[in-house]
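Reviewing the structure listed below.
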Amino acid sequence: MTDKTAELKTEGGDYQYPVLPGSVGPDVIDIRKLYGQTGKFTYDPGFTSTASCQSAITYIDGDKGVLLHRGYPIDQLAEHSTFMEVAYLLLHGDLPKKDELEDFSKTITYHTMVHEQIVHFFRGFRRDAHPMSVMCGVVGALSAFYHDSTDITDPTQRLVASHRMIAKMPTIAAMAYKYSIGQPFLYPQNDLSYTGNFLRMTFGVPAETYEVNPVIERAMDRIFILHADHEQNASTSTVRLAGSSGANPFACIAAGIACLWGPAHGGANEAALNMLREIGDAKNVKSYVDRAKDKNDPFRLMGFGHRVYKNYDPRAKVMQQTAEEVLKELNISDPVLDVARELEQIALSDEYFIEKKLYPNVDFYSGIILNAIGFPTEMFTALFALARTTGWVAQWNEMISDPEQKIGRPRQLYVGATQRDYVPVGER
Ligand code: CMC
23 MTDKTAELKT EGGDYQYPVL PGSVGPDVID IRKLYGQTGK FTYDPGFTST ASCQSAITYI
83 DGDKGVLLHR GYPIDQLAEH STFMEVAYLL LHGDLPKKDE LEDFSKTITY HTMVHEQIVH
143 FFRGFRRDAH PMSVMCGVVG ALSAFYHDST DITDPTQRLV ASHRMIAKMP TIAAMAYKYS
203 IGQPFLYPQN DLSYTGNFLR MTFGVPAETY EVNPVIERAM DRIFILHADH EQNASTSTVR
263 LAGSSGANPF ACIAAGIACL WGPAHGGANE AALNMLREIG DAKNVKSYVD RAKDKNDPFR
323 LMGFGHRVYK NYDPRAKVMQ QTAEEVLKEL NISDPVLDVA RELEQIALSD EYFIEKKLYP
383 NVDFYSGIIL NAIGFPTEMF TALFALARTT GWVAQWNEMI SDPEQKIGRP RQLYVGATQR
443 DYVPVGER
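Position one of the sequence shown corresponds to residue 23 (my numbering), numbered consecutively onward.
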């Protein structure tokens with residue numbers, strides 16, 4: 023608390039509102055009493071100026087291009103940490119000690135299998151279903167299988183549900199892929215790392231031994247770290263909003279997956295690679311940049327721009343470096359990487375993009391890496407959902423434990439018809 027206040031002058035009177043400081047970043051004006059005192063709401067479509075909660079998990083300074091998880095810079099985590107360590111950090115607030123990390127990894131490993139009945143559930147989907155539709159359906163259905171972890175008033179059940187979701191997402195995502203190509207599902211193999219296990223369940227077959235390539239494993243793990251959390255983005259806010267009604271955690275994460283699917287959010291990595299392929303050659307880049315600048319053309323450069331970052335997305339830098347490493351390891355020379363480099367260079371020196379502060383975001387290079395590893399584009403957003411599940415469960419747990427938490431219920435500026443009388447159908 024501080025003594026700072028903000029003053030609001032209205033025709034009905036003047037009001038003072040407390041200004042609350044964060045540990046870092048902008049202060050917020052606490053307007054919780056605004057409606058009660060003034061009879062007015064605030065209007066903020068897209069919540070561009072609204073803090074919906076307090077959180078101690080992730081901090082972003084979009085102007086400086088800073089992303090911290092529990093205080094740790096994302097580039098340090100991507101360089102030195104593992105996804106398991108970051109998952110623990112997000113969930114528990116501190117980096118784990120050696121024995122804590124071992125226990126956590128063992129707990130997650132213990133939950134990697136899915137109920138055998140889920141195999142039958144999968145068979146109900148068309149083979150050509152988008153993996154995100156499968157993920158929404160199967161994750162939502164987990165609440166029908168794990169009744170002993172849906173009581174949100176019990177902290178132990180909340181933790182078990184969180185572990186289950188972090189553990190089962192790779193299994194479910196790999197099953198979605200296997201189902202789409204008509205190959206048998208592989209059970210998890212728990213002597214592998216979280217990421218190595220996922221690669222084996224995705225690309226292995228029962229007829230052969232699968233050797234995990236350590237460079238690919240590290241790159242994939244880094245991609246998971248880079249997608250693990252991103253404060254109150256659309257899907258995280260969706261998880262919190264769904265959870266605010268007391269809905270069970272599996273249903274809340276399914277809601278987050280549904281939101282993430284959109285091309286303006288998690289679907290952008292798929293859209294970015296499709297766009298780079300459509301551009302096809304570095305010599306075509308300029309015409310696409312011109313289209314992106316044309317007010318009368320709805321085309322946007324996918325993988326460019328961000329609601330919060332008005333500087334280079336720190337995740338994009340790590341992603342670019344990882345793309346170079348993976349292509350080198352796999353000995354792939356993908357013309358799409360040349361298109362991406364050229365596009366980045368032209369866009370970053372173009373007045374339109376400079377003025378609007380549009381920089382490459384995390385999705386610009388991730389598609390190139392995932393494609394090189396062997397994932398079809400439809401799987402990209404499912405991988406994002408897999409990684410973001412750690413952030414979602416951390417944010418959901420934080421919300422449920424917050425004594426100030428209330429059901430989320432935004433208000434509106436009503437602009438529809440005023441009251442009128444019903445007219446029978448024959449008289450209209
Ligand atoms: N290409 C061309 N122009 C753009 C782009 C782009 N990618 N992004 C924004 N603009 C322009 C936009 O036309 C607008 O111009 P004007 O002010 O003249 O109307 C201005 O920049 C501001 O755009 P906005 O839509 O008001 O900004 P926003 O903060 O609401 O949108 C965004 C952020 C990410 C939805 C948007 O930049 C976008 O659609 N980018 C492409 C999709 C994409 O890459 N999304 C992934 C986001 S990162 C992953 C994640 O967190 O999910």
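Glycine is no exception: its CB is placed at the ideal position from the N, C-alpha and C atoms.
All figures in this text were calculated on a predicted structure; none of them were measured in a lab.
### Query
So, Tyr209 versus Met106, is the Cβ gap smaller than 8 Å?
As a working note, residue 209 is residue 187 in the sequence shown. As a working note, residue 106 is residue 84 in the sequence shown. No; because the gap between Cβ atoms is not below 8 Å, this pair is not in contact.
### Query
What is the DSSP secondary structure of Thr27, counted as helix, strand or coil?
As a position in the sequence shown, residue 27 is number 5, starting the count at 1. Thr27 falls in the strand class under three-state DSSP.
### Task
Give the C-beta separation of Pro271 and Trp418 to the nearest angstrom, bearing in mind that I take them to be a contact with Cβ-Cβ under 8 Å.
Your numbering for residue 271 matches position 249 in the sequence shown. Your numbering for residue 418 matches position 396 in the sequence shown. With a Cβ gap of about 6 Å, Pro271 and Trp418 count as contacting.
### Task
Report yes if the C-beta distance between His287 and Ala256 is below 8 Å; otherwise report no.
Counting from 1 along the sequence shown, the entry for residue 287 is found at position 265. Counting from 1 along the sequence shown, the entry for residue 256 is found at position 234. Yes, these two residues count as a Cβ contact at 8 Å.
### Task
Measure the CB-CB distance between Pro336 and Ile96 and report whether it falls below 8 Å.
The residue you call residue 336 lines up with position 314 of the sequence shown. The residue you call residue 96 lines up with position 74 of the sequence shown. For Pro336 and Ile96, yes; Cβs fall inside 8 Å.
### Task
Check His152 in the structure and name its three-state DSSP category.
Translated into the one-based positions of the sequence shown, residue 152 becomes position 130. It is coil, neither helix nor strand.
### Task
Check whether the Cβ of Asn383 sits closer than 7 Å to any heavy atom of the ligand CMC, and report yes or no.
Start at 1 with the first residue of the sequence shown, and residue 383 comes out as number 361. Yes, the ligand CMC has a heavy atom inside 7 Å of this Cβ.
### Query
I think Val340 touches Leu248, with their Cβ atoms under 8 Å apart; what is that distance to the nearest whole Å?
For the purposes of this step, residue 340 is identified with residue 318 of the sequence shown, where counting begins at 1. For the purposes of this step, residue 248 is identified with residue 226 of the sequence shown, where counting begins at 1. Yes, they are in contact, since the Cβ atoms of Val340 and Leu248 sit about 6 Å apart, within 8 Å.
### Under the three-state DSSP convention, the category Pro95 falls into
As a working note, residue 95 is residue 73 in the sequence shown. It is a strand residue.
### Query
Below 8 Å between beta carbons: does that hold for Phe207 and Val141?
What you label residue 207 is simply residue 185 of the sequence shown in a count that begins at 1. What you label residue 141 is simply residue 119 of the sequence shown in a count that begins at 1. Contact flag set, yes.
### Task
Counting only the same chain and skipping the five closest in sequence on each side, list residues whose C-beta sits under 7 Å from that of His152.
Along the sequence shown, read from residue 1 onward, the residue named residue 152 stands at position 130. Excluding positions up to five away in sequence, the list reads Glu400.
### Message
As a quick exercise: from Tyr39, His185, Ala166, pick the residue whose alpha carbon is nearest that of Thr412.
### Response
Looking up residue 412 in the sequence shown gives position 390. It is His185 whose Cα lies nearest to the Cα of Thr412.
### Cβ-heavy atom distance, Phe326 to the ligand CMC, below 7 Å
Along the sequence shown, one-based indexing puts residue 326 at 304. Answer for Phe326: yes, Cβ within range of the ligand CMC.
### Query
Sorry if obvious, but does the Cβ on Asn318 come closer than 7 Å to a heavy atom of the ligand CMC?
Translated into positions along the sequence shown, residue 318 becomes position 296. No, since every heavy atom of the ligand CMC falls outside the 7 Å radius drawn around the Cβ of Asn318.
### Cut-off 6 Å between Cβ atoms - residues of its own chain near Glu351, not counting five sequence neighbours on either side
If you number the sequence shown from 1, residue 351 lands on position 329. Around Glu351: Val237.
### Query
Within the present structure, is the beta-carbon of Arg322 separated from the nearest heavy atom of the ligand CMC by less than 7 Å?
As a working note, residue 322 is residue 300 in the sequence shown. Yes, Cβ of Arg322 sits closer than 7 Å to a heavy atom of the ligand CMC.
### Query
Sorry if obvious, but does the Cβ on Arg329 come closer than 7 Å to a heavy atom of the ligand CMC?
As a working note, residue 329 is residue 307 in the sequence shown. Flag set: Cβ of Arg329 near the ligand CMC.
### Message
Beta-carbon within less than 8 Å of Asp66's beta-carbon, same chain only, minus the 5 sequence neighbours each way: which residues are those?
### Response
Taking the first residue of the sequence shown as 1, we reach residue 66 at position 44. Hits under 8 Å: Thr72.
### Query
When the Cα atoms are used, what is the spatial distance from Phe143 to Gly162?
Residue 143 sits at position 121 when you count from the first residue of the sequence shown. Residue 162 sits at position 140 when you count from the first residue of the sequence shown. Roughly 12 Å separates the two Cα atoms.
### Query
So who's on the other strand from Val41, going by DSSP bridges?
Taking the first residue of the sequence shown as 1, we reach residue 41 at position 19. Answer is Ile51.
### Message
Please tell me whether Asp116 and Arg92 are closer than 8 Å, where the distance is taken between their beta carbons.
### Response
Here residue 116 is taken as the residue at index 94 of the sequence shown, counted from 1. Here residue 92 is taken as the residue at index 70 of the sequence shown, counted from 1. Yes, the Cβ-Cβ distance between Asp116 and Arg92 is below 8 Å.
### Task
Name, in chain order, the residues that DSSP records as bridge partners for Val358.
Start at 1 with the first residue of the sequence shown, and residue 358 comes out as number 336. Answer is none; Val358 lacks a bridge partner.
### Task
Can you say whether Ser171 is buried or exposed, counting buried as having 16 or more other CB atoms within 10 angstroms of its CB?
Here residue 171 is taken as the residue at index 149 of the sequence shown, counted from 1. Buried, because 16 or more other Cβ atoms sit within 10 Å of the Cβ of Ser171.
### Segment limits, alpha helix (DSSP H) that includes Ile174
Taking the sequence shown and counting its residues from 1, one reaches residue 174 at position 152. Run containing Ile174: none; DSSP gives neither H nor E here.
#### Entry: Exposure label - His252; buried when at least 16 CB within 10 Å
Stepping through the sequence shown from its first residue, residue 252 is reached at position 230. Label assigned to His252: buried.
### Message
Taking the alpha-carbon of Leu380 as reference, which of Ala264, Ile82, Gly87 has the nearest alpha-carbon?
### Response
On the sequence shown, position 358 is the one that residue 380 refers to. Checking every option, the nearest Cα to that of Leu380 belongs to Gly87.
### Task
Determine, using beta carbons only, whether Lys378 and Asp85 come nearer to each other than 8 Å.
Position 356 of the sequence shown holds residue 378. Position 63 of the sequence shown holds residue 85. No, Cβ-Cβ distance for Lys378 and Asp85 is not below 8 Å.
### Task
Return the chain-ordered list of same chain residues with a C-beta closer than 7 Å to the C-beta of His133, the five sequence neighbours on each side being excluded.
What you label residue 133 is simply residue 111 of the sequence shown in a count that begins at 1. Excluding residues within five positions, the ones whose Cβ falls inside 7 Å are His185, Arg186, Ala189, Lys190.
### Query
Can you tell which of Ala369, Asn296, Glu346 has its C-alpha closest to the C-alpha of Lys308?
Translated into positions along the sequence shown, residue 308 becomes position 286. Ranking Ala369, Asn296, Glu346 by Cα distance to Lys308 puts Ala369 first.
### Task
May I ask you to report which of helix, strand or coil DSSP gives Gly61?
The residue given as residue 61 occupies position 39 in the sequence shown. Gly61 falls in the coil class under three-state DSSP.
### Query
Between Ala276 and Leu408, which are expected to be in contact by the criterion C-beta below 8 Å, what is the C-beta distance as a whole number of angstroms?
One-based indexing of the sequence shown puts residue 276 at position 254. One-based indexing of the sequence shown puts residue 408 at position 386. Rounded, the Cβ-Cβ distance is 14 Å, inconsistent with contact.
### Query
Taking all protein chains shown into account, do 16 or more other C-beta atoms lie within 10 angstroms of the C-beta of Gly327, making it buried, or fewer, making it exposed?
The sequence position of residue 327 within the sequence shown is 305, counting from 1. Buried: at least 16 other Cβ atoms inside 10 Å.
#### Entry: Expected contact under 8 Å - CB spacing of Phe15 and Ala294 to nearest Å
Missing from the structure shown is residue 15; the chain here goes from 23 to 450 and no further.
#### Entry: Which listed residue (Phe397, Ala345, Asp243) has its alpha carbon closest to that of Ala100
Working through the sequence shown from its first residue, we reach residue 100 at position 78. Ranking Phe397, Ala345, Asp243 by Cα distance to Ala100 puts Asp243 first.
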